[in-house]
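Following: one structure in structure tokens, then a few remarks.
Number of protein chains: 2
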Amino acid sequence: MSKKTIPSSRQAEIMRWLEEVDTLTIKQLVNKFEVSVMTIHRDLDHLQTGGKVQKVHGGVMLAQIGENREGTAVCSLCNDKISAHTQFVITWEGGEQGTYCCPHCGLLALNGTAKTAVSGLASDFLYGRMINVYQASYIIDSDVQLCCIPSTICFATVTDAKKFQRGFGGQLMTYMTASTHLTTIHRQ
Amino acid sequence: MSKKTIPSSRQAEIMRWLEEVDTLTIKQLVNKFEVSVMTIHRDLDHLQTGGKVQKVHGGVMLAQIGENREGTAVCSLCNDKISAHTQFVITWEGGEQGTYCCPHCGLLALNGTAKTAVSGLASDFLYGRMINVYQASYIIDSDVQLCCIPSTICFATVTDAKKFQRGFGGQLMTYMTASTHLTTIHRQ
DNA sequence: GCAGTTTATATCATATCTTAACAAAAAATC
DNA sequence: GATTTTTTGTTAAGATATGATATAAACTGC
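The listed protein sequences derive, respectively, from chains A and B.
Numbers 6 to 193, taken from our numbering, label the letters of the first sequence in order.
Numbers 6 to 193, taken from our numbering, label the letters of the second sequence in order.
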């Protein structure tokens with residue numbers, strides 16, 4: 006590969022290479038693509054804002070922040086790390102998005118602001134599907150503590166939630182009850 | 006290689022070429038088809054509204070859901086992984102694109118923003134073809150839960166949707182009814 | 001800590017690419 | 001054949017990419 010290419014394909018190629026070797030130096034990239042150091046820097050800046058990559062002194066490395074996506078690998082509320090297994094995503098009116106570590110923070114965020122949410126999706130605990138948070142069932146304070154406390158776990162169906170409750174305890178709640186419960190214990 | 010042709014066959018040829026090489030520059034296309042830069046740009050604009058292709062500075066790339074250059078293989082709304090089987094692609098005015106994991110998120114995105122969509126394409130559940138989301142039929146809340154909940158599945162024809170419904174239940178909806186339904190249950 | 005070296009960032013001038021508006025050419029319609 | 005529509009090319013203005021240079025920051029040895 007020596008011909009000069011367009012920025013996007015060069016960046017795509019950097020990504021592919023990086024996925025093989027994990028780390029690359031600026032010099033390696035300059036030699037391969039035959040562009041200036043500055044151009045490589047700018048490519049890396051660009052990729053870094055995409056979140057998959059992290060610049061280090063002298064080069065780049067893959068940014069393996071969990072298994073997640075862009076820069077926001079931490080909860081918009083509590084700053085804890087976000088696992089795909091418990092994540093909670095709110096899209097606000099206006100297009101802004103918040104990603105939360107678990108339903109605990111997600112419900113607090115939904116209830117604790119004047120903003121209106123366009124959608125709220127949470128990861129179903131059993132199957133990992135993203136479900137409408139208003140229709141979901143919640144088990145609060147069970148024996149399973151994954152993230153924040155009180156532990157708040159999200160299920161697609163009441164049946165699933167009840168089966169879980171039978172084994173691990175906790176209180177079964179709807180969106181409304183869970184939401185007010187979490188908000189009030191945080192204010193008392 | 007080829008003499009001047011009509012726009013649609015030139016665009017089809019661009020697509021075929023692009024599927025081989027992933028990325029093409031404007032220059033390559035100008036040389037091959039012996040038309041002006043402007044004509045190529047217009048061809049690419051046209052292809053881009055189809056959602057399968059993405060213009061980048063200096064050329065085009067396949068809008069691959071697998072390994073896009075910025076790396077986002079996750080739903081623009083819920084952050085879940087996107088499968089080609091259920092994907093939903095919206096091209097907004099201005100050229101920006103959003104890829105969604107399934108019609109559930111796609112419809113929410115379409116309805117939940119002030120932006121206007123240039124096109125919306127969703128994968129037909131039975132055959133996998135990309136179809137116009139405004140003309141599609143939707144089955145909501147069937148027994149088949151592939152992605153988000155409430156499960157929202159997309160069909161090219163009402164007939165297909167009804168046959169599916171006979172076996173797996175759910176509610177049959179048009180774009181309008183599905184869109185308002187999903188939006189309202191998200192706001193209740 | 002200090003100097004010397006390397007690497008990063010900021011800014012500028014230049015080159016390249018993109019877009020919109022207009023006009024010419026070709027094709028389709030009547 | 002004249003009119004309308006579609007396609008195409010030209011131009012100019014704006015946006016983006018690039019490389020060179022200068023300055024700031026980070027590493028290296030001591």
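Glycine included, each C-beta is placed from N, C-alpha and C at the ideal position.
This structure is a prediction, so every number in the text was calculated from the model and none was measured.
M43/A touches chain B at which residues, Cβ-Cβ below 8 Å? Residues of chain B passing the Cβ test: none, with the nearest at roughly 17 Å.
Once the 5 residues before and after L177/B are set aside, which same chain residues still bring their CB inside 7 Å of it? Within the same chain, S142, I144, A166, K167 and Q170 come within 7 Å of L177/B by CB-CB distance, once the 5 residues on both sides are set aside.
Please say whether N137/A and L151/A have beta carbons closer to each other than 8 Å? no
Tell me, to the nearest whole angstrom, how far the beta carbon of I31/B is from that of G63/B; I am working on the premise that it is less than 8 Å. Their Cβ separation, rounded to whole angstroms, is 6 Å, which keeps I31/B and G63/B in contact under 8 Å.
So is G111/B buried or exposed if we call it buried at 16+ other beta carbons inside 10 Å? buried
Just curious, the alpha helix (DSSP H) that T91/B is in, first and last residue? Under the DSSP assignment, T91/B falls outside any alpha helix (DSSP H); it carries neither an H nor an E label.
May I ask you to list the residues that DSSP assigns as paired with S124/B? BP columns for S124/B point to T96/B.
With the cut-off set at 8 Å, would you say L187/B and L131/B are in Cβ contact? no
Contact list for P12/A against chain B, beta-carbon separation under 8 Å: V61, H62 and G63
Taking the C-alpha atoms as reference points, what is the distance between Q140/A and I190/B? 8 Å
Between which residues of its own chain and T164/B is the CB-CB distance below 8 Å, once the five residues before and five after are set aside? none
Cα-Cα separation between H51/A and T10/A, rounded to whole angstroms: 16 Å
Quick test of your reading: T28/B and M66/B, contact by CB under 8 Å. State the CB separation rounded to the nearest angstrom. 5 Å
What number of angstroms, rounded off, separates the C-alpha of E39/A from the C-alpha of Q33/A? 10 Å
Which one or two residues does DSSP pair with V79/B in a beta bridge? K86/B
With the cut-off set at 8 Å, would you say V79/A and N84/B are in Cβ contact? no
Out of R47/A, E25/A and V149/A, which one is the CA nearest neighbour of R15/A? R47/A
Is there a Cβ of chain B sitting closer than 8 Å to that of T96/A, yes or no? yes
Range of the contiguous alpha helix (DSSP H) that encloses Y180/B: Y180 to I190
Using a Cβ cut-off of 9 Å, which residues of the stretch 152 to 164 of chain B contact any Cβ in chain A, in chain order? Look at the stretch 152 to 164 of chain B: the residues with a C-beta under 9 Å from a C-beta of chain A are C152, C153, I154, P155 and S156.
What is the DSSP secondary structure of F169/A, counted as helix, strand or coil? helix
Measuring only the C-alpha atoms, how far is E24/B from I87/B? 20 Å
With DSSP as the reference, label T162/B as helix, strand or coil. T162/B falls in the coil class under three-state DSSP.
Where D85/B meets chain A, residues with beta-carbon distance less than 7 Å: M135
Run down chain B in chain order and give the residues with a C-beta less than 7 Å from the C-beta of T104/A. N84
Does DSSP put G175/A in a helix, in a strand, or in coil? coil
Cα-Cα separation between H156/B and S124/B, rounded to whole angstroms: The residue you asked about is not His; residue 156/B is Ser in the sequence shown. Spanning the two alpha carbons is a distance of roughly 23 Å.
Nearest-angstrom beta carbon gap, A161/A and I154/B [assumed within contact, 8 Å]: Contact flag correct, Cβ pair sits at about 5 Å.
At a Cβ threshold of 8 Å, is L131/B touching chain A? no
Close Cβ partners of D146/A (< 7 Å) along its chain, the five nearest in sequence each way excluded: Cβ within range, chain order: P155, S156, G175 and Q176.
Taking only the alpha-carbon atoms, compute the straight-line gap between D148/B and H109/B and give it to the nearest angstrom. 15 Å
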